[in-house]
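What follows is a short report on a single structure.
There are 2 protein chains.
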Amino acid sequence: MRSLQKATHQQTRLINQQLVLRSLYDQSAVSRAEVARLTGLTRTTVSDVVDGLLEAGIVEELGPGQSTGGKAPILLRVPDDARHLVGIEVGDSLLTGAIVNLRGEVRRRVEVPLDGRDGEMALARLDELIGALVEPAAAPILGIGIGTPGLIDTTTGTVRWAVNLDWRDLPLGARLSEQWGLPVHVANDSHAAALGEHTFGGHPPGESMVVIKVGRGIGAGIVIGGQLYSGEGSGAGEIGHTAIADNYRPCRCGSVGCLETLASTRAVVQRARELAPHAPESSLHASAGPERIDLDELVRAVADGDDLAREVLLDSARHLGRTIGGLIGTLSIHHVVLVGEMTRFGEPWLTAVRREAHRSALAMLADATSIEIGRLGGDLVVLGAAALLMTRELGLALSR
Amino acid sequence: MRSLQKATHQQTRLINQQLVLRSLYDQSAVSRAEVARLTGLTRTTVSDVVDGLLEAGIVEELGPGQSTGGKAPILLRVPDDARHLVGIEVGDSLLTGAIVNLRGEVRRRVEVPLDGRDGEMALARLDELIGALVEPAAAPILGIGIGTPGLIDTTTGTVRWAVNLDWRDLPLGARLSEQWGLPVHVANDSHAAALGEHTFGGHPPGESMVVIKVGRGIGAGIVIGGQLYSGEGSGAGEIGHTAIADNYRPCRCGSVGCLETLASTRAVVQRARELAPHAPESSLHASAGPERIDLDELVRAVADGDDLAREVLLDSARHLGRTIGGLIGTLSIHHVVLVGEMTRFGEPWLTAVRREAHRSALAMLADATSIEIGRLGGDLVVLGAAALLMTRELGLALSR
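Chains as they are written, first to last, in this note's numbering: chain A, 1 to 400; chain B, 1 to 400.
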């Protein structure tokens with residue numbers, strides 16, 4: 001009973017600390033008395049918590065504010081760079097890392113190429129990247145947030161399976177945490193992208209949304225009422241490896257017929273390579289050899305109105321659109337945001353995706369749903385991983 | 001500011017009342033002092049709330065309990081029949097209503113046939129049903145809970161669209177509430193079925209599950225962490241009208257290619273009628289005429305091992321299974337429960353559904369997911385509607 005009371009006491013302290021920190025973070029300059037008013041905590045409790053935060057350097061005193069009669073109160077604030085966050089995206093051929101401050105501003109970016117599917121090599125590169133980010137520290141590092149493809153148990157930071165790197169039951173979070181002596185939080189890359197979009201895409205805090213990342217792989221992140229929804233098996237939004245009717249293309253996951261084999265960047269490039277030799281009228285046919293066709297060339301061909309390129313693109317868009325129709329019916333969420341490399345195809349792709357999604361879902365639900373291409377840049381996963389870290393460690397929702 | 005404080009005060013009273021009522025409902029007999037200990041409220045607050053509940057007749061005094069030294073405390077309990085709940089299922093050809101007590105026991109059942117798609121007629125029959133249920137009242141009626149097919153705004157009790165009865169923007173809850181002077185809560189029938197299964201299916205309180213109702217229509221109810229998930233558009237689980245690739249069968253919703261046109265009871269009966277004339281070896285061929293084939297006959301033919309009947313059934317199961325594979329990938333929930341008329345086909349149908357669901361989802365997620373036929377009887381929607389009513393009105397989760 002004593003230890004239970006002690007635990008409850010510690011919990012209360014933590015909750016109070018987070019309440020105080022949140023009200024300091026949300027205001028640009030605020031006095032202890034004002035924090036007490038905002039949080040409903042006593043002045044003594046607020047003062048105790050603030051003392052701890054001052055000592056830790058997360059909060060600083062700005063000097064006296066306006067007096068309201070008596071002695072002018074000392075104003076407090078959370079400096080933007082009081083802590084630095086390490087955000088990392090594990091991509092298919094690239095590791096991207098950034099030092100992000102408490103306002104989501106990228107202070108430094110480092111990229112390290114990844115080649116092939118060698119999981120051990122990828123871990124070595126990851127160490128290299130973290131080293132390059134944390135070494136010349138301009139501020140104390142709060143921890144590391146990582147977005148990586150695959151099935152991730154976010155609670156423990158374990159990668160249950162990442163097909164691209166052949167990681168299986170890898171305790172990535174624990175391993176890196178021990179090595180660097182820092183808290184580490186790991187999430188699926190699409191989940192991190194959804195957090196990034198939700199945090200920095202100008203959406204209201206409580207909004208629900210589905211963010212679909214369509215690149216070499218395909219995955220979705222689901223935000224319900226402002227919170228990331230992971231599902232019991234941590235695999236929520238795992239739409240890339242859901243079978244599409246009458247499709248028997250082998251997938252890198254070992255199964256056949258997955259959406260990824262029809263709607264990813266790899267799928268459209270491969271399809272264009274298959275068809276180009278038989279389409280002499282296409283600009284893609286003129287390529288030195290069909291195996292030379294890459295995403296850049298396909299994007300260009302679509303923009304130039306090449307029939308073959310557009311046919312390949314629209315076919316892939318139909319499959320994605322039908323899956324989105326299913327998501328609209330299942331989740332009844334009004335905002336779908338598309339991110340990732342496929343969005344480079346722009347308007348023609350988006351139009352075809354929207355048309356098929358609309359056709360595939362109950363009209364009344366589809367009419368209420370917007371499907372848009374995300375307007376944030378390539379740092380979405382990195383920023384989302386940083387946002388995850390900040391929520392988990394400080395109880396703060398990252399905001400600019 | 002005064003009115004805000006007043007509102008907060010009333011809110012606090014309501015929360016305290018629910019806390020006290022919950023601890024009384026969860027125990028068979030308990031003293032005021034014990035309630036104070038369980039809720040953390042002061043004895044004075046508990047006594048005040050209990051006085052109100054005694055006066056309203058929701059709580060009764062059982063007499064003195066065991067003394068622990070001083071005066072023996074008076075024990076309290078919530079009598080099982082302190083209030084009666086009206087639970088109603090609007091089916092395709094039948095209205096089913098029941099008087100349910102506070103322990104989910106059905107005290108009385110009334111059925112009224114529905115014919116055709118006449119929405120006005122259905123409303124008249126609904127009045128008739130409610131009249132027959134509330135008139136010879138054995139206990140005060142708490143209110144009415146209704147499960148009905150269609151897109152339902154559960155917050156306002158408005159039927160946005162019910163294709164079977166051609167109800168559009170019908171304020172069903174408000175209308176019945178005014179007429180009967182009782183609180184009325186309305187939910188989609190599959191959502192109500194999910195609440196019913198979650199409440200009475202022997203599942204842990206916080207479990208997540210998808211309940212799929214497969215009958216003349218198809219819909220799912222999603223329970224996440226013990227709470228019904230409705231989605232922003234109230235249409236969560238609306239899988240019956242999601243298009244299946246390369247299917248162009250016209251659906252009663254006005255669209256083409258919906259899952260309902262392939263996997264509902266209507267779909268299999270219709271398909272059997274189409275094929276039977278060309279299958280002289282089938283027992284269905286021998287029917288006096290293919291239009292005479294009905295669900296009963298098809299269930300019998302499958303049980304007898306009739307090839308045509310099994311082919312029709314397994315084809316429908318494959319389509320449903322693929323949709324479930326998509327749900328597993330999207331929601332990552334470990335429990336899928338199938339209910340409704342299609343479950344009469346039993347094992348062969350279930351096996352085919354499971355096989356295709358497993359094939360269609362990422363193996364690691366599918367392996368963790370059980371797909372079972374619900375073991376509760378036909379009153380699932382009625383009980384679920386009563387559970388909804390009880391949660392909304394008393395803040396209690398119905399339990400036996």
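Built from N, CA and C at the ideal position, the CB exists for glycine as well.
* By DSSP, does Gln270(B) sit in helix, in strand, or in coil? -> helix
* Three-pair Cβ contact test at 8 Å for the stretch 383-397 of chain B versus the stretch 8-25 of chain B -> Below 8 Å, enough C-beta pairs join the stretch 383-397 of chain B and the stretch 8-25 of chain B to call them touching: three or more.
* What's the gap between the Cα of Asp189(B) and the Cα of Gly321(A)? -> 28 Å
* Thr154(B) touches chain A at which residues, Cβ-Cβ below 7 Å? -> Near Thr154(B) there are no residues of chain A at all, since even the closest Cβ is about 12 Å away, more than 7 Å.
* Please list, in chain order, all residues of the same chain as Leu123(A) whose beta carbon is under 7 Å from its beta carbon, the five residues on each side excluded. => Sequence-distant Cβ neighbours of Leu123(A) in its own chain, meaning closer than 7 Å and more than five residues away, do not exist here.
* Which runs of the beta strand (DSSP E), 3 residues or longer, sit entirely within the stretch 231-268 of chain A? -> none
* Indicate whether Gly196(A) and Leu172(A) have their beta-carbon atoms separated by less than 8 Å. => no
* When the Cα atoms are used, what is the spatial distance from Gly257(A) to Gly240(A)? -> One C-alpha to the other measures close to 10 Å.
* Asked: Taking Cβ positions only, does Ala317(A) come closer than 8 Å to chain B?
  -> no
* Asked: Cβ-heavy atom distance between Asn247(A) and the ligand SAH below 7 Å?
  -> In the structure shown, the ligand SAH is absent, as is every other ligand, since no ligand is present at all.
* To do: Can you have a look at Arg43(B) and say buried or exposed, based on whether 16 or more other CB atoms are within 10 angstroms of its CB?
  => exposed
* For Asn87(A), does the count of other Cβ atoms within 10 angstroms reach 16, so buried, or fall short, so exposed? -> The question names Asn, yet the displayed sequence has Gly at residue 87(A). By the neighbour-count rule (16 or more Cβ atoms within 10 Å), Gly87(A) is buried.
* **Residue span of the alpha helix (DSSP H) that contains Met209(B), given as start and end** => From DSSP, Met209(B) is part of no alpha helix (DSSP H) but of the beta strand (DSSP E) over Met209 to Val214.
* Asked: Identify the residues that DSSP records as bridge partners of Asp127(B): which are they?
  -> Asp127(B) pairs with nothing; no bridge assigned.
* If you scan the stretch 11-95 of chain A from start to end, which runs of the alpha helix (DSSP H) of 4 or more residues do you find wholly inside it? -> Listed in chain order, they are 32-39 and 43-56.
* Boundaries of the beta strand (DSSP E) in which Leu151(B) is found, first to last residue -> It spans Leu151 to Asp153 - the beta strand (DSSP E) in which Leu151(B) sits, taken as one unbroken run.
* Asked: Who are Thr8(B)'s beta bridge partners in DSSP?
  -> Its beta-bridge partners do not exist; DSSP assigns none.
* Asked: What's the gap between the Cα of Ala192(A) and the Cα of Leu380(A)?
  -> Answer to the nearest angstrom: the Cα atoms are 8 Å apart.
* With a cut-off of 8 Å on the beta carbons, I'd call His84(B) and Glu207(B) a contact; round off their distance for me. => Rounded, the Cβ-Cβ distance is 28 Å, inconsistent with contact.
* chain B beta carbons: is any one of them nearer than 8 Å to that of Gly202(A)? -> no
* To do: Could you have a look at Asp169(B) and say whether DSSP puts it in helix, strand or coil?
  => When secondary structure is reduced to three states using DSSP, Asp169(B) falls in the strand class.
* Is Met342(B) buried or exposed, if buried means 16 or more other CB atoms sit within 10 Å of its CB? -> buried
* Where Val380(A) falls: helix, strand or coil (DSSP) -> The amino acid at residue 380(A) is misidentified as Val; the sequence shows Leu. In the three-state reduction of the DSSP assignment, Leu380(A) falls in the helix class.
* **Leu135(B) in three-state terms, based on DSSP** => The residue asked about is misnamed: residue 135(B) is Glu in this sequence, not Leu. If DSSP states are grouped into helix, strand and coil, Glu135(B) belongs with coil.
* Apart from the five residues on each side of it in sequence, which residues of its chain come closer than 6 Å, Cβ to Cβ, to Val452(B)? -> Since the first and last residues shown for chain B are 1 and 400, residue 452(B) lies out of range.
* Asked: So which residues of chain B does Glu232(A) contact, with C-beta pairs closer than 7 Å?
  -> Simply Ser208, Ser332, Ile333 and His334.
* To do: Output the distance between the C-alpha atoms of Ser67(B) and Ile74(B), rounded to the nearest integer angstrom.
  => 10 Å
* Cβ neighbour criterion (16 or more within 10 Å) applied to Glu260(B) -> buried
* Asked: Between Gly374(B) and Gly221(B), which are expected to be in contact by the criterion C-beta below 8 Å, what is the C-beta distance as a whole number of angstroms?
  -> Actually they do not touch by this definition, with Cβ atoms about 11 Å apart.
* Asked: To which residues of the same chain is Ser177(B) closer than 6 Å at the C-beta, ignoring the five residues directly before and after it?
  -> Val184
* **Separation of Ser93(A) from Asp115(A), as counted between CA atoms** => 6 Å
* Taking the DSSP output, what are the residues bridged to Val186(B)? -> The beta-bridge partner set that DSSP reports for Val186(B) consists of Ile146(B).
* **Cβ-Cβ separation, Val186(A) to Arg340(A) (assumed contact under 8 Å), whole Å** => One point to set straight first is that residue 340(A) is Gly, not Arg, in the sequence displayed. Contact flag wrong, Cβ pair sits at about 20 Å.
* How would you list, in chain order, the residues of chain A whose beta-carbon sits under 8 Å from the beta-carbon of Asp246(B)? -> The answer, in chain order, is Ala245 and Asp246.
* To do: Could you tell me which chain B residues have their CB closer than 8 Å to the CB of Leu151(A), listed as they occur along the chain?
  => Leu362, Met364 and Leu365
* Got a sec? Which residues, its chain only, sit under 6 Å from Ala361(B) by beta carbon, not counting five neighbours each side? -> Gly325, Ile328 and Gly329
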